[in-house]
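For reference, the structure discussed in these notes is given below.
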Amino acid sequence: MDAETLRESALGRIIEKTRHLVENGPHTIEIDVYEGALSGLLVAEIELGDENESFERPDFLGAEVTGDERYLNQTLALRDRP
Numbered sequence: 036m037d038a039e040t041l042r043e044s045a046l047g048r049i050i051e052k053t054r055h056l057v058e059n060g061p062h063t064i065e066i067d068v069y070e071g072a073l074s075g076l077l078v079a080e081i082e083l084g085d086e087n088e089s090f091e092r093p094d095f096l097g098a099e100v101t102g103d104e105r106y107l108n109q110t111l112a113l114r115d116r117p
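Using the numbering used here, read the sequence shown as starting at 36 and increasing by one per residue.
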């Protein structure tokens, strides 16, 4: 299947975002900056070994949204804003 076929079969809008990588000690924070209909939305993700692993929390991080279905790409493709 090529990219055009996948695009044509997509439900909802195509998610447009730019990902930035920020080193944070032994971890890398992935910051997604959304564009288009979701312009202004920023989501940061950090992969930890387990939920109790500590990490240096930068001041720019906002509310924890792990497990919040409003921020899943599938939800964002079908709704206007979280």
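Beta carbons are placed, not taken as given, at the ideal position from N, Cα and C, and that holds for glycine.
Between which two residues does the beta strand (DSSP E) carrying residue 108 extend? Within the sequence shown, numbered from 1, the residue matching residue 108 stands at position 73. Taken as a continuous stretch (DSSP letters only), residue 108 belongs to no beta strand (DSSP E), being part of the alpha helix (DSSP H) at 108-113.
Spatial neighbours of residue 85 within its chain, please: CB distance less than 7 Å, with the 5 preceding and 5 following residues excluded, ordered by chain position. Looking up residue 85 in the sequence shown gives position 50. Result list for residue 85: empty, nothing under 7 Å.
For residue 73, which residues does DSSP report across the bridge? If you number the sequence shown from 1, residue 73 lands on position 38. DSSP lists no beta-bridge partner residue for residue 73.
If you follow the beta strand (DSSP E) that residue 18 is part of, which residue opens it and which one closes it? This structure cannot speak to residue 18, because the chain is shown only from 36 to 117.
Along the chain, where does the beta strand (DSSP E) that runs through residue 58 open and close? Indexing the sequence shown from 1 puts residue 58 at position 23. It spans 52-59 - the beta strand (DSSP E) in which residue 58 sits, taken as one unbroken run.
Can you list, in chain order, the residues of its chain whose CB lies under 7 Å from that of residue 110, leaving out five sequence neighbours each side? The count along the sequence shown starts at 1 and reaches residue 110 at position 75. Closer than 7 Å at Cβ, skipping near neighbours: 104.
Just list the residues that DSSP pairs residue 67 with in beta bridges. As a position in the sequence shown, residue 67 is number 32, starting the count at 1. Checking the DSSP bridge columns, you'll see residue 67 partnered with 54, 78.
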